[in-house]
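>
2 protein chains.
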Amino acid sequence: MRSLNPRQIEAFRAVVLTGGVGMAANLINVTQPAVSRMIRDLQRQLGLTLFERRGTGLVPTSEALSLYAEVERAFVGLDRIAQMATELRTRRAGFLRIAALPALANGFLPRFAGSYLVERPKLDLVLSGLVSHAVVTAVAQGQSDLGFAEGSIEHAAVRLERMPPAPYMAVLPQDHPLARKKRLRPADFEGESFISLGYSSLSRFRIDRVFAEHGVRRVMRIETPLSEIACSLAGSGAGVTLCDPFTATEYATRGIVVRPFEPRIHFEFAALYAAQGTPPPVAREFIDSFRAHITAFLRSLPRR
Amino acid sequence: MRSLNPRQIEAFRAVVLTGGVGMAANLINVTQPAVSRMIRDLQRQLGLTLFERRGTGLVPTSEALSLYAEVERAFVGLDRIAQMATELRTRRAGFLRIAALPALANGFLPRFAGSYLVERPKLDLVLSGLVSHAVVTAVAQGQSDLGFAEGSIEHAAVRLERMPPAPYMAVLPQDHPLARKKRLRPADFEGESFISLGYSSLSRFRIDRVFAEHGVRRVMRIETPLSEIACSLAGSGAGVTLCDPFTATEYATRGIVVRPFEPRIHFEFAALYAAQGTPPPVAREFIDSFRAHITAFLRSLPRR
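Those protein sequence lines, which keep their order, are chains R and L.
So for the first sequence, my numbering puts the first residue at 2; every next one is plus one.
So for the second sequence, my numbering puts the first residue at 2; every next one is plus one.
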């Protein structure tokens with residue numbers, strides 16, 4: 002196979018993004034016939050049908066969508082090289098790519114990272130929110146310098162430092178009768194509409210087990226993998242939930258109240274970096290500062 | 002190959018989740034030797050090495066992690082069947098599985114969905130937040146009844162209804178000098194530390210093009226694929242951004258101010274459902290109510 006031409010890839014990407022040759026041509030500043038030709042050549046070279054015509058638009062095939070995912074990965078790589086070059090030219094202090102699980106990414110971590118950047122005007126940042134599995138993969142494959150993921154999943158190419166365990170908090174709609182209690186126990190949840198977090202996470206297992214051990218039956222109407230969705234749903238009165246303290250506090254201004262829950266169930270997570278070599282100094286410094294920030298935050302939580 | 006035993010799969014899942022035979026045994030209520038035997042049998046049957054010993058724990062191999070992703074998908078399927086059975090037994094009014102892109106999932110959609118559920122006490126809900134590509138796949142593969150994704154990516158197995166286009170808003174730290182302006186234009190962003198959304202989304206292309214056309218140079222220090230991260234970063238003073246109005250409004254209580262931006266750039270998204278058959282009535286009703294809610298919300302935004 003002849004090696005692929007970067008312009009063809011750019012055209013392919015533009016057609017997937019816009020759904021049509023005209024808009025794609027406009028996006029990448031070439032003529033429509035040029036886009037059509039590049040797509041045709043690419044299809045022939047790859048031996049794949051990449052688009053199907055529907056009405057005035059082009060719909061990508063399943064093959065095209067799979068290919069697109071790879072192309073995106075490669076483009077991120079190319080962008081990174083360009084960015085590194087800029088960095089070297091402008092002698093910036095450094096560049097940090099962090100991937101974090103949703104419980105941290107929906108506010109707590111970006112808020113900390115933002116203040117961290119304000120104090121370090123020469124540091125650049127890419128911050129992604131990914132599920133824990135994807136965080137591990139991003140670090141293992143070198144797409145992120147630093148990751149934060151649930152603590153129990155390990156990978157041979159990744160080193161792991163446990164972060165302080167964080168107690169799950171009870172999250173209630175602000176006008177809920179249980180909001181009068183200072184502290185909640187499993188029995189308080191009997192018959193309550195419960196928002197379950199995660200289809201099959203370790204936390205879900207452990208939370209369900211605590212309620213089972215106490216013989217408490219919740220009404221399991223609502224399920225979501227994301228703590229931010231659970232808190233938003235609770236905020237609109239749809240039910241109660243148990244949630245990590247980072248998200249719970251982040252959403253506390255938005256219609257929910259947050260209470261300690263006993264027995265304690267801990268959300269456990271870790272900082273990850275590539276197992277080969279040592280973490281870049283900028284990552285090392287970030288982990289240590291973030292750990293201190295978490296410790297202070299956990300001390301500030303209501304305890305009983 | 003002998004067909005796989007569900008108990009083996011459960012053991013595999015438990016070991017991945019806990020990182021050790023002891024904790025896995027505890028989690029699924031069997032003895033440690035039973036877990037070890039099931040894992041050993043599974044490895045032999047599959048012809049794969051699934052775990053490597055490290056210290057006292059077991060670290061899953063890359064093969065195990067790939068397999069795990071498939072197992073999770075299958076388990077979601079099994080859970081769904083169990084849930085449907087419960088639903089039939091208890092004659093609930095219905096069950097709706099929605100997957101939505103982050104801009105809607107970080108608050109706006111769950112808040113609406115929560116109120117919607119409060120009014121429909123017999124409706125159950127699974128609500129996932131996924132990137133647009135994954136939303137399309139979830140709907141195409143029947144894992145979600147209803148999806149909300151960026152409008153331009155189509156799929157042959159999915160039907161699409163465009164939702165009202167939503168103008169990107171300027172998002173600033175609340176104490177930023179530009180916060181005094183009622184409305185922002187590209188020139189206002191000259192020399193500002195800018196938080197870029199998305200490595201390579203259509204919106205990113207279009208936003209960058211507007212600034213390029215106006216000859217405005219921003220300081221591109223920070224990049225994130227998630228609008229909620231962009232707003233949190235802005236809230237801590239790290240920079241300014243352009244963001245969909247759903248997320249911007251959701252985060253407006255948390256350290257940012259939101260202003261109209263001109264020229265208008267629109268965030269375009271659509272409701273998706275399986276192309277075969279008609280959408281379930283409960284999904285049809287949800288789309289229509291949600292569209293009305295969006296229209297009212299967009300009318301409430303500051304315009305100039």
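In this text, a Cβ means the ideal position worked out from N, Cα and C, and glycines have one as well.
Taking Cβ-Cβ distances shorter than 8 Å, what residues in chain L pair up with L302(R)?
Those within 8 Å of L302(R) in chain L number zero; the least Cβ separation is about 18 Å.
> Give me the DSSP bridge partner(s) of L198(L).
Looking at the DSSP assignment, L198(L) forms a beta bridge with T225(L).
> Hey, is the segment 201-220 of chain R in contact with the segment 178-191 of chain R, meaning 3+ C-beta pairs nearer than 8 Å?
Taking 8 Å as the limit for Cβ pairs, the verdict is that the segment 178-191 of chain R does touch the segment 201-220 of chain R.
> Got a sec? Which residues, its chain only, sit under 6 Å from R17(L) by beta carbon, not counting five neighbours each side?
It is worth fixing the name first, because residue 17(L) is Val in this sequence and not Arg. P61, Y69, listed in sequence order.
> Between which two residues does the alpha helix (DSSP H) carrying L47(L) extend?
Taken as a continuous stretch (DSSP letters only), the alpha helix (DSSP H) holding L47(L) covers 33-47.
> Cα-Cα, which of G23(R), V72(R), L124(R) is closest to I9(R)?
It is Gln, not Ile, that sits at residue 9(R) in the sequence shown. The option with the nearest alpha carbon to Q9(R) is V72(R).
> Could you tell me whether any Cβ in chain L is nearer than 7 Å to the Cβ of R92(R)?
Because R92(R) carries a pLDDT of 41, less than 50, the predicted location of this residue cannot be relied on, and the following value inherits that uncertainty. No, R92(R) lies away from the interface with chain L (no Cβ there is under 7 Å from its Cβ).
> When the Cα atoms are used, what is the spatial distance from S145(L) to R160(L)?
Straight-line Cα distance between these residues: approximately 13 Å.
> Between the segment 228-240 of chain R and the segment 250-259 of chain R, do three or more beta carbon pairs fall short of 8 Å?
The answer is yes - the segment 250-259 of chain R touches the segment 228-240 of chain R, with three or more Cβ pairs under 8 Å.
> With DSSP run on the structure shown, which of helix, strand or coil describes M164(L)?
Coil at M164(L), not helix or strand.
> Under 8 Å by Cβ, that's how I've got L243(L) and F262(L) pegged, so tell me the actual separation to the nearest angstrom.
L243(L) to F262(L), Cβ: 6 Å. Contact.
> Does V283(L) come out as helix, strand or coil in the three-state DSSP assignment?
Three-state DSSP puts V283(L) in a helix.
> What are the partner residues of V241(L), as DSSP defines its beta bridges?
The partner list for V241(L) (beta bridge, DSSP) reads F195(L).
> Taking the C-alpha atoms as reference points, what is the distance between L227(L) and S197(L)?
Rounded to the nearest angstrom, the two C-alpha atoms are 10 Å apart.
> Identify the contact partners of L247(L) in chain R, using a Cβ-Cβ distance below 9 Å as the criterion.
Position check: residue 247(L) holds Phe in this sequence, whereas Leu was assumed. Going along chain R, no residue has its Cβ under 9 Å from F247(L), so there is no contact; the nearest lies around 11 Å.
> According to the Cβ coordinates, are S116(L) and S67(R) closer than 7 Å?
No; because the gap between Cβ atoms is not below 7 Å, this pair is not in contact.
> Give me the chain L residues within the contact set of R112(R), using Cβ-Cβ distance strictly less than 7 Å, ordered along the chain.
Within chain L, the residues near R112(R) are S233, G236, S237.
> May I ask you to list, following chain order, the residues of the segment 253-266 of chain L that have a beta carbon less than 9 Å from some beta carbon of chain R?
From the segment 253-266 of chain L, only T254, R255, G256 have a Cβ closer than 9 Å to chain R.
> Could you tell me which chain R residues have their CB closer than 8 Å to the CB of E53(L), listed as they occur along the chain?
Correct list: A157.
> To which residues of the same chain is Q44(L) closer than 7 Å at the C-beta, ignoring the five residues directly before and after it?
T50, L51, listed in sequence order.
> Taking Cβ-Cβ distances shorter than 7 Å, what residues in chain R pair up with I208(L)?
Chain R residues near I208(L): none, gap ~12 Å exceeds 7 Å.
> Nearest to H156(R) by alpha carbon, out of L179(R), T296(R), A272(R)?
Selected option, being the one with the closest Cα: A272(R).
> Cα separation between A15(R) and S204(L)?
Spanning the two alpha carbons is a distance of roughly 12 Å.
> Got a sec: which bits of the segment 115-126 of chain R sit with their beta carbon under 7 Å from any beta carbon on chain L, in order along the chain?
Those would be G115, S116, L118, V119, D125, L126, in chain order.
> Hey, V140(R) and A100(R) are a contact pair by Cβ (cut 8 Å); roughly how many whole angstroms apart?
Right, the Cβ-Cβ distance comes to about 7 Å (below 8 Å), so this counts as a contact.
> Does any CB atom of chain R fall closer than 7 Å to the CB of I230(L)?
Cβ-Cβ to chain R under 7 Å: yes for I230(L).
> For a quick check, are the C-beta atoms of A12(R) and I40(R) less than 7 Å apart?
Cβ atoms of A12(R) and I40(R): closer than 7 Å.
> Could you tell me whether the Cβ of E151(L) comes closer than 7 Å to any Cβ of chain R?
Not closer than 7 Å to any Cβ of chain R, the Cβ of E151(L) fails to qualify, so no.
> Could you pull out every unbroken alpha helix (DSSP H) segment of at least 4 residues lying fully inside the segment 99-127 of chain R, listed in chain order?
You should have 103-106, 109-120.
> With a Cβ-Cβ cutoff of 7 Å, do R1(L) and G148(L) count as a contact?
The displayed coordinates of chain L run from 2 to 305. Any statement about residue 1(L) would go beyond what the structure contains.
> Pick helix, strand or coil for T296(R), following the three-state DSSP scheme.
DSSP places T296(R) in helix when its eight states are reduced to three.
> Taking C-beta to C-beta, are G21(R) and G56(R) nearer than 7 Å?
No.
> In angstroms, rounded to a whole number, what distance separates the CA positions of A180(L) and G95(L)?
Distance between the alpha carbons of A180(L) and G95(L) is about 46 Å.
> Once the 5 residues before and after E88(L) are set aside, which same chain residues still bring their CB inside 6 Å of it?
Residue confidence is low: E88(L) scores 48 on pLDDT, short of 50, so the model does not pin down where it sits. Its coordinate-derived value is still stated next. Around E88(L): F96.
> On the CB-based measure, 16 or more other CB atoms within 10 Å of its CB, does S301(L) come out buried or exposed?
Under this definition S301(L) is an exposed residue.
> Is the beta carbon of V136(R) closer than 7 Å to that of A150(R)?
Yes.
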